[in-house]
Each structure stands twice: as structure tokens, then as C-alpha cells.
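**Student:** I have a structure here, written as C-alpha cells, and I will follow up with some questions on it.
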Amino acid sequence: MKRVSVILVAAAALLTGCQLFNRALDSASEIFGDEVVARVGEHKLHRSALSRYIPAGVSPEDSLSIARQYIDSWAEELIVLDMAEEQLSKSQKDVKAELEEYRRTLLKYRYEQMYVNERLDTLVSEEEILEYYGRNSERFVLERPILKARFIVTSPEAPGLKKILQKMSSDNMDDILEAESMASTAAIRYVDYSDAWLDAITLARELGTDYVTMMSSIKDRMVQFTDASGNLRAAYVVDLVQAGKTAPLEYCSERVRDIIVNTRKHALIATLERDLLEDARRSGKYTVH
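22 is the number of the first residue of the sequence shown in our numbering; add one for each residue after it.
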């Protein structure tokens, strides 16, 4: 088996750390100059190739770390490829058929994308969304609950906490605004999620628990937990739709819009393929013997 070696030519340069780290380096090219920075057998990695993968403006330490990671990745890939060249038979290394199949697939995909992009109507009316939702409601059954809620993180000794919890649990707009005003100074964090539906997992994550535990802990629409720092995490559930129920249109309208656009896209591609086949038949380009 041929011995494959990886030589980091830049090792000596890396060892002159004090001088290098005192320079205002912005990229690996300033670390390695114009040298070959690594070798794997007959393969060479040059400074110009390496520097393209180092973001401008990073610190010398980060630049060195990114460079080392890239060099290792580059070396590992070539070592495996060299081993493949050694160990695989001639027939196993013959990939012309696979490359040609990939080329044909890629060209077909690119042409279809160009055709679709020139013709696809991406405007979807509210009436179309409502009609599709009404005809396909079974597609929008919830796997998990969704909620609208108001959420707070605060110290249990925060001034006016009892009043804030009371006001944020109200349906009166003046109370809600007062809770938000009080929370702006007394709470660590306060968010009103009552205008948009949340997946139960999202709210549970805010509360520092799993959604099953959260759902079983809701009492009178309020759920409370104490986090590792001793802070209170509480949420008032404004509205709730349980798993197994159909999601409200408000929650899935964007999904409906995407489905409609994708349906149009597939219809365009199907029409293209059918029309091209018919044209080829009529012109005599396509015949069956």
C-alpha cells in the first residue's frame, strides 16, 4: 500500500507565534505568504486556495484555527481518494455512465427551472387560499397543540408581580397594556404572543420544559415554572387548539399558499413535457419502430 503523507509546510511559520500574533492579520494568506501550505502525496495546497476560505477581518487566532480545519478537511478527502485509486478495480473507477446520467438530469432540471421561472404565477388570492383550505381541511390536522399566549420571565420578588400576572391574564385591552407597561420595568422579559399562533413546542421552550409537561400544567389558562436561576417563567394561554383538530386558516395560510404555487409549478412542468413530446411526434423527431 502506498504510504500517503500529509506535510504541513507552514508548521515553522505557526511556531513563530509571538511575531505573527502581533501583526494585524486579516486572512490566512498573511500567515502563509505564497507558500505551499500542505501536501498529500503529490497533491499540494497553495496559500491562494486556502485564503479564499478565511473570512476577512478575523483575529489571528481564529484565522489559524479556520486554516487548520480546512487543511485537515482537504487532506482527509484526498487521502480517501488516493486510497480509492489504489484499491478499486478499473471497472469500479469507471464513472462515465454515472457522470453522463448526472449531466442529463442536471440539464433537464435547469431547463425546467428556467421554463417555470419565466411562466410561473406566484400571486395567490385570499379566495384561492380559502377555497383550497376548505376542500382539503384534512391535510391541516394538527400533530401538536398550537397556542396564543402572553409570556413573562421575572424574579419572584419583582414589584407588582401579582398585579402583572392578573393584568396579563385579562381580556381587557387596558389591562393588557398596563401589564406590558409594568413588565417593562419589573420583568426580565415580557412577550405578547397573542397575535400569532405558536407551536406548543415553541412556548414550552420559553418556559424551560417539554410541551407535554407544559400542557398538563395549564390551570385556568395559566402555566408557571421556576427556572434554574430561580426566576419565574409564566404564560397566560389566550387561545388553544388541541392536537387532532384542524389548524385555523390563519396558522396555515402560508403553507396553503406554497402548496398552490407548487401545484402550479408541477402543472407547468407536466405541460412542458407533454407539449415537447407531441411536437417531436408531429415533426418526426420522435418515432417508434
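Yeah, the Cβ is synthetic: ideal placement off N, Cα and C, and Gly gets one too.
1) Does DSSP put Asp309 in a helix, in a strand, or in coil?
2) Expressed to the nearest angstrom, what Euclidean distance is found between the alpha-carbon atoms of Leu127 and Gln134?
3) Who are Phe172's beta bridge partners in DSSP?
4) Looking at the strands, I want to know which residues DSSP matches up with Ile167.
5) Quick check on DSSP: helix, strand or coil for Arg242?
6) Is the stretch 196–213 touching the stretch 158–165 in the sense that three or more CB pairs, one from each, lie closer than 8 Å?
7) I'd like to know if the stretch 202–222 and the stretch 164–176 are in contact, where contact means that at least 3 CB-CB pairs between them fall below 8 Å.
8) Quick check on DSSP: helix, strand or coil for Thr267?
9) Note the first and the last residue of the continuous beta strand (DSSP E) segment covering Ala59.
10) Sort out for me which residues DSSP pairs Lys65 with in a bridge.
11) Ignore the nearest five residues each way along the sequence and tell me which others in Ile150's own chain have a CB closer than 8 Å to its CB.
12) Can you tell me where the alpha helix (DSSP H) holding Ala118 begins and where it ends?
13) Start and end of the alpha helix (DSSP H) containing Ser94?
14) Leaving out five residues before and five after Ala217 in sequence, what residues of the same chain have Cβ atoms less than 6 Å from its Cβ?
15) What are the residues that DSSP puts in a beta bridge with Thr247?
16) Could you pull out every residue in the same chain whose Cβ sits closer than 6 Å to the Cβ of Ala49, ignoring the five residues on either side in sequence?
17) Hey, would you say Leu298 sits closer than 8 Å to Tyr307, going by beta carbons?
18) Examine the Cβ distances between the stretch 230–238 and the stretch 117–131 and report whether three or more of them are shorter than 8 Å.
19) Name the two residues that bound the continuous alpha helix (DSSP H) containing Leu371.
20) Can you tell me whether Val145 is helix, strand or coil according to DSSP?
21) Could you check how far apart the C-beta atoms of Ile167 and Asp220 are, in whole angstroms? I think they sit under 8 Å.
**Tutor:** In short:
1) Reading the sequence shown from its first residue, position 288 is the one you call residue 309. Rather than Asp, the amino acid found at residue 309 in this sequence is Val. Coil at Val309, not helix or strand.
2) For the purposes of this step, residue 127 is identified with residue 106 of the sequence shown, where counting begins at 1. For the purposes of this step, residue 134 is identified with residue 113 of the sequence shown, where counting begins at 1. Cα to Cα, Leu127 sits roughly 10 Å from Gln134.
3) On the sequence shown, residue 172 is found 151 positions in, with the first residue counted as 1. Beta-bridge pairing links Phe172 to Val212 and Ala256.
4) Position 146 of the sequence shown holds residue 167. Per DSSP, Asp220 and Val262.
5) Sequence index remark: in the sequence shown, residue 242 carries index 221 (1-based). Note: Arg242 maps to coil in three-state DSSP.
6) no
7) yes
8) Mapped onto the sequence shown, residue 267 falls at position 246. Thr267: strand per DSSP, three-state reduction.
9) As a working note, residue 59 is residue 38 in the sequence shown. Where Ala59 is concerned, the enclosing beta strand (DSSP E) stretches over Val57 to Val61.
10) Here residue 65 refers to the residue found at position 44 of the sequence shown. BP columns for Lys65 point to Arg60.
11) In the sequence shown, residue 150 corresponds to position 129, counting from 1. If we look at Ile150 and ignore the five residues flanking it on each side, its Cβ neighbours are Leu270, Ser274, Val277, Arg278 and Ile281.
12) Taking the first residue of the sequence shown as 1, we reach residue 118 at position 97. From DSSP, the alpha helix (DSSP H) with Ala118 extends over Lys117 to Arg140.
13) For the purposes of this step, residue 94 is taken as residue 73 along the sequence shown, with counting starting at 1. That run of the alpha helix (DSSP H) goes Pro81 to Gln108.
14) Taking the first residue of the sequence shown as 1, we reach residue 217 at position 196. There are no such residues.
15) The sequence position of residue 247 within the sequence shown is 226, counting from 1. Paired residue(s): Leu253.
16) By one-based count along the sequence shown, residue 49 stands at place 28. Residue placement at Ala49 is poorly supported in this model, since its pLDDT is 45, which falls under 50; the coordinates still yield a value, given next. Once the five neighbours on either side are set aside, the close Cβ partners of Ala49 are Leu71, Ser72, Ile75, Ser84 and Ala88.
17) Indexing the sequence shown from 1 puts residue 298 at position 277. Indexing the sequence shown from 1 puts residue 307 at position 286. Yes, they are a contact pair.
18) no
19) The first residue shown for the chain is 22 and the last is 310, placing residue 371 beyond what the model contains.
20) In the sequence shown, residue 145 corresponds to position 124, counting from 1. The answer is coil: DSSP assigns Val145 none of H, G, I, E or B.
21) As a working note, residue 167 is residue 146 in the sequence shown. As a working note, residue 220 is residue 199 in the sequence shown. Their Cβ separation, rounded to whole angstroms, is 6 Å, which keeps Ile167 and Asp220 in contact under 8 Å.
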